[in-house]
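**Q** Right, I'll just put the structure down here and ask away after.
In my numbering, the protein residues as written are 6 to 341.
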């Protein structure tokens with residue numbers, strides 16, 4: 006299917022099913038046209054939201070977008086299509102809109118995608134509610150009652166010898182949540198260890214976020230060594246991965262392992278990638294964050310005002326076990 010037709014179909018599913026958008030409600034699209042993917046998505050949203058007010062951010066003063074937002078009321082919709090990330094002084098766009106009960110679809114850093122990745126990104130926007138909700142909610146419930154976890158990675162094992170934090174869902178089901186909307190593509194359930202020092206072992210990474218903030222895929226997976234929740238070694242490393250670890254250590258003293266993310270998006274894989282890590286972290290499998298920063302979970306030994314780094318890294322995922330129950334194998338999450 007051509008990219009344009011698939012974008013139109015997937016945008017329609019996102020609006021109708023995930024966002025529960027009522028066409029009678031007002032909508033504002035704020036977009037730029039600085040890259041091919043932004044232009045493609047803008048065209049798809051324009052077709053599906055024919056009555057929406059459209060603000061082209063390229064040549065507009067930020068006040069024009071703010072004025073458009075000011076005309077909206079709770080239950081209306083804003084779509085952000087950004088080649089980078091829009092900046093409006095003294096106005097955190099998604100945060101401020103959520104405060105007013107406005108629904109938000111956000112696409113950001115689209116210019117990071119290479120031309121041959123556009124199809125992967127567009128495909129990842131597909132929304133299958135039976136899959137995301139049928140797998141996501143039971144997976145969260147199982148994570149929340151787990152007393153241990155085990156990540157098997159091509160002969161290596163990373164162990165979590167304690168309970169996990171209450172998991173957070175990003176599966177396109179906003180019922181019962183304070184905010185209605187997300188950064189798209191979606192598809193993730195994430196948590197972390199309640200006791201950071203209870204994590205130990207080894208795991209293999211096939212990709213990581215490099216110092217240019219893009220996905221870096223080494224020729225050979227890197228094996229990280231974890232002791233008491235800290236990365237203490239990296240085997241088969243690369244100069245760029247060493248640079249990432251050195252940068253974290255220079256500012257934070259050591260490299261903590263924090264987020265444990267279970268990506269669910271089946272349109273992204275080790276071989277079907279996009280360069281923007283914010284999108285790729287939905288990839289089906291496990292991802293981990295290196296560095297002490299995590300805005301959702303607070304830990305007493307870490308001052309959230311001082312930590313700086315959250316480096317998403319992607320695991321060669323064989324099996325995932327919660328307690329003794331296998332929840333992931335052969336490249337997919339299992340029905341629970």
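Quick reminder that beta carbons are idealized off the backbone N, C-alpha and C, glycines included. Because the structure is a prediction, the values reported are computed rather than measured.
Within 8 angstroms, do at least three Cβ pairs link the region 271 to 288 to the region 187 to 200?
**A** They touch, by the three-pair rule.
**Q** Would DSSP call residue 172 helix, strand or coil?
**A** Three-state result, residue 172: coil.
**Q** Got a sec? Which residues, its chain only, sit under 8 angstroms from residue 161 by beta carbon, not counting five neighbours each side?
**A** Excluding sequence neighbours, residue 161 sits near 206, 207, 208, 209 and 228.
**Q** Using a 10 Å radius around the Cβ and a threshold of 16 neighbouring Cβ atoms, would you call residue 306 buried or exposed?
**A** Classification of residue 306: exposed, given that the 10 Å Cβ count is below 16.
**Q** Buried or exposed: where does residue 19 fall if 16 or more other Cβ atoms within 10 Å of its Cβ makes it buried?
**A** Flag for residue 19 reads buried.
**Q** Note down, in chain order, each residue of its chain lying with its Cβ closer than 8 angstroms to the Cβ of residue 73, except the 5 sequence neighbours on either side.
**A** Answer for residue 73: 33, 35, 58 and 60, listed in chain order.
**Q** So what's residue 239 in DSSP terms, helix, strand or just coil?
**A** Strand.
**Q** Under three-state DSSP, which class holds residue 295?
**A** Three-state result, residue 295: strand.
**Q** In angstroms with no decimal places, state the Cα-to-Cα distance between residue 241 and residue 77.
**A** Straight-line Cα distance between these residues: approximately 53 angstroms.
**Q** Can you say whether residue 7 is buried or exposed, counting buried as having 16 or more other CB atoms within 10 angstroms of its CB?
**A** Exposed, by the Cβ-count rule.
**Q** From residue 149 to residue 174, what distance separates their C-alpha atoms?
**A** Approximately 12 angstroms, taken between the alpha carbons.
**Q** Using DSSP's beta-bridge definition, name the partner residues of residue 82.
**A** Bridge partners of residue 82: 32 and 108.
**Q** Since I believe residue 216 is in contact with residue 252 (beta carbons under 8 angstroms), could you give me their beta-carbon distance rounded to a whole number of angstroms?
**A** Correct: roughly 7 angstroms between the Cβ atoms.
**Q** Please go through the region 49 to 100 and give each complete beta strand (DSSP E) segment of 3 or more residues, from N-terminal end onward.
**A** If we require 3 residues or more, the beta strand (DSSP E) runs fully inside the region 49 to 100 come out as 58 to 61 and 82 to 86.
**Q** Are the Cβ atoms of residue 195 and residue 265 separated by less than 8 angstroms?
**A** Against a cut-off of 8 angstroms, the Cβ pair of residue 265 and residue 195 comes out as a contact.
**Q** On the premise that residue 235 lies in contact with residue 260, defined as a C-beta separation below 8 angstroms, what is that separation, rounded to the nearest angstrom?
**A** Their Cβ separation, rounded to whole angstroms, is 6 angstroms, which keeps residue 260 and residue 235 in contact under 8 angstroms.
**Q** Which runs of the beta strand (DSSP E) spanning at least 3 residues fall entirely within the region 259 to 333, listed in chain order?
**A** If we require 3 residues or more, the beta strand (DSSP E) runs fully inside the region 259 to 333 come out as 262 to 268, 290 to 295, 316 to 320 and 324 to 327.
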